Amino acid sequence: MPTPPKRILTAHDAVAERLKKPPMALHFRGKTPAEWRQWRRSFRRALVAELGPMPERVPLRAEVIAEDDLGDVIRRKVIFDSERYASVPAYLVVPKGLEAGERRPGILCAHGHGVGKDALAGITGEEYQHHIALRLAREGYVTLSPDWRTFGERADPEAWVRRPGRDGCNVAYLAQGYFGYQLLGLQIHDAQVCLDYLQSLPQVAGSRLGMIGCSFGGTMTSYVSALDDRIKVSIPVCYLSTVKSALTVQHGNTCGSQFAFGLLKHGEISDVFGLLAPRPCMPQVGRQDTCFLLDDALKAAKHLKTIYKAAGAANSLAVHVFPGVHEIDVEPAVEFFKAHL
């Protein structure tokens, strides 16, 4: 008689067993441009379907709330609506000295988990974001740094989240789920409205948009760039990884904002990155990063390279491994944008 399967009692053990043979029906395994094109259509369609419905866009009703002259740039605090039930506060940083009618590339800067827009725009300490939005503006780009849902000014009340001990992302994910929405989908929607806002500005060349972010900001950079071709250059920092590592070695290293429903039915995180091809992309990987581990990142990078090669765009992918921790490696990021945007 065949040996009966062992009994499984916990979610932890069930996940471990499922990970031995995840479905990943659309995990890229091709080699040719034709196989890549077919895969891209199919995987992108599947990803959009799993993210579920998106809210209807509404008029932006954009306002400038405050303005600071920092000498070489102007930093404006702005707010606009992304849907009926959401407004987005953000920092817009614009280089000074633009000629009449001059337009500059725009870069959407995505903050990480646990912090908001302030660390990007030079309001608070550098942390791992290294004031990247301010730095890029000083290099001549127009940058926009929004608060994502549950962070910064959009953080939910402590009593509702019941901190300490609960992650606000997880509470918001469950709450929005009652209305049929995925939190990651709502975050992506807000990011796409941020692109709308950038394109509405007279100082921005709307066909030259980039995106950068570290950690959860890397998640956002990856998914938004994967699903919105308006992003021409992407720098996802400290996120290239595998779901398997997140759920095993990293002890459930995910949250409601970064959770992609059904992803393993279709593919892996490297497949999401692969949707960026053939556009220029610089995934950054810190050798000492303890949140997204080097060996796992390199495994994902190996698969990602096969996608870019099949797309005929091997030279557009620059996996940047640097001797740092969970942080943005600023100078190579600046140079990559200069070269490609």
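All residue numbers for the sequence shown refer to this note's numbering, where the first residue is -12 and numbers rise by one.
Every residue gets a Cβ at the ideal spot worked out from N, C-alpha and C, and that includes glycine.
Owing to the predicted nature of the structure, the values given are computational and were not obtained by experimental measurement.
Cα separation between residue 175 and residue -6? When rounded, the distance between both Cα atoms is 39 Å.
Measuring straight from C-alpha to C-alpha, what distance separates residue 39 and residue 247? Computed Cα separation, rounded: 10 Å.
Which residues in the same chain as residue 331 place their Cβ atom closer than 8 Å to its Cβ, once the five residues preceding and following it in sequence are excluded? Past the edges of the chain, shown from -12 to 328, lies residue 331, and the structure says nothing about it.
With DSSP as the reference, label residue 60 as helix, strand or coil. Per DSSP, reduced to three states, the secondary structure at residue 60 is strand.
Give the C-beta separation of residue 99 and residue 115 to the nearest angstrom, bearing in mind that I take them to be a contact with Cβ-Cβ under 8 Å. Between residue 99 and residue 115, the beta carbon gap of about 7 Å places them in contact (Cβ cut-off 8 Å).
Would you give the residue range spanned by the alpha helix (DSSP H) that residue 293 belongs to? Here the alpha helix (DSSP H) through residue 293 covers 281 to 297.
With 16 other Cβ atoms within 10 Å as the buried cut-off, status of residue 187: Residue burial is scored here from C-beta neighbours: residue 187 has fewer than 16 other C-beta atoms within 10 angstroms and is therefore classed as exposed.
Roughly how many angstroms separate the alpha carbons of residue 151 and residue 145, rounded to a whole number? About 8 Å.
Cut-off 7 Å between Cβ atoms - residues of its own chain near residue 327, not counting five sequence neighbours on either side: Around residue 327: 220, 267.
6 Å CB neighbourhood of residue 180 in its chain, flanking five on each side removed: If we look at residue 180 and ignore the five residues flanking it on each side, its Cβ neighbours are 69.
Compute the Euclidean distance between the alpha carbons of residue 12 and residue 29, then round it to the nearest angstrom. So the two alpha carbons sit approximately 10 Å from each other.
For residue 198 versus residue 209, is the C-beta distance shorter than 7 Å? Judged by beta-carbon spacing, residue 209 lies beyond the 7 Å limit of residue 198, meaning their Cβ atoms are not closer than that value.
Tell me whether the beta-carbon of residue 256 lies closer than 7 Å to the beta-carbon of residue 15. Pairing residue 256 with residue 15 gives a Cβ-Cβ distance that is not under 7 Å.
How big is the Cα-Cα spacing for residue 59 and residue 226? So the alpha carbons of these two residues sit roughly 32 Å apart.
Can you tell me which of the three DSSP states residue 330 falls into? No statement about residue 330 is possible, as the shown extent of the chain runs from -12 to 328 and does not include it.
In chain order, what residues of the same chain have a beta carbon less than 8 Å from the beta carbon of residue 54, not counting five sequence neighbours either side? In chain order, 61, 62, 63, 64 place their CB closer than 8 Å to the CB of residue 54, counting only its own chain and leaving out the 5 sequence neighbours on each side.
Measure the C-alpha to C-alpha separation of residue 130 and residue 291 and round it to an integer number of angstroms. Computed Cα separation, rounded: 28 Å.
Whether residue 273 touches residue 97 by CB criterion (7 Å): Result no, Cβ atoms of residue 273 and residue 97 do not sit closer than 7 Å.
Closest by CA to residue 296, which one among 110, 22, 223? Selected option, being the one with the closest Cα: 22.
For the alpha helix (DSSP H) containing residue 278, list its first residue and its last residue. Neither: residue 278 is in no alpha helix (DSSP H) and is coded neither H nor E.
Would residue 275 be called buried (16 or more neighbouring beta carbons within 10 Å of its own) or exposed? Burial call: exposed.
If you run the structure through DSSP and keep just helix, strand and coil, what is residue 216? Looking at residue 216 - three-state DSSP - the assignment turns out to be coil, as it is neither helix nor strand.
Taking one C-beta from the stretch 150 to 168 and one from the stretch 111 to 125 each time, how about it: are there three or more such pairs within less than 8 Å? No: the two stretches stay apart, fewer than three of their Cβ pairs being nearer than 8 Å.
Going straight from the alpha carbon of residue 280 to that of residue 84, what length do you get? Residue 280 and residue 84: Cα-Cα distance of roughly 42 Å.
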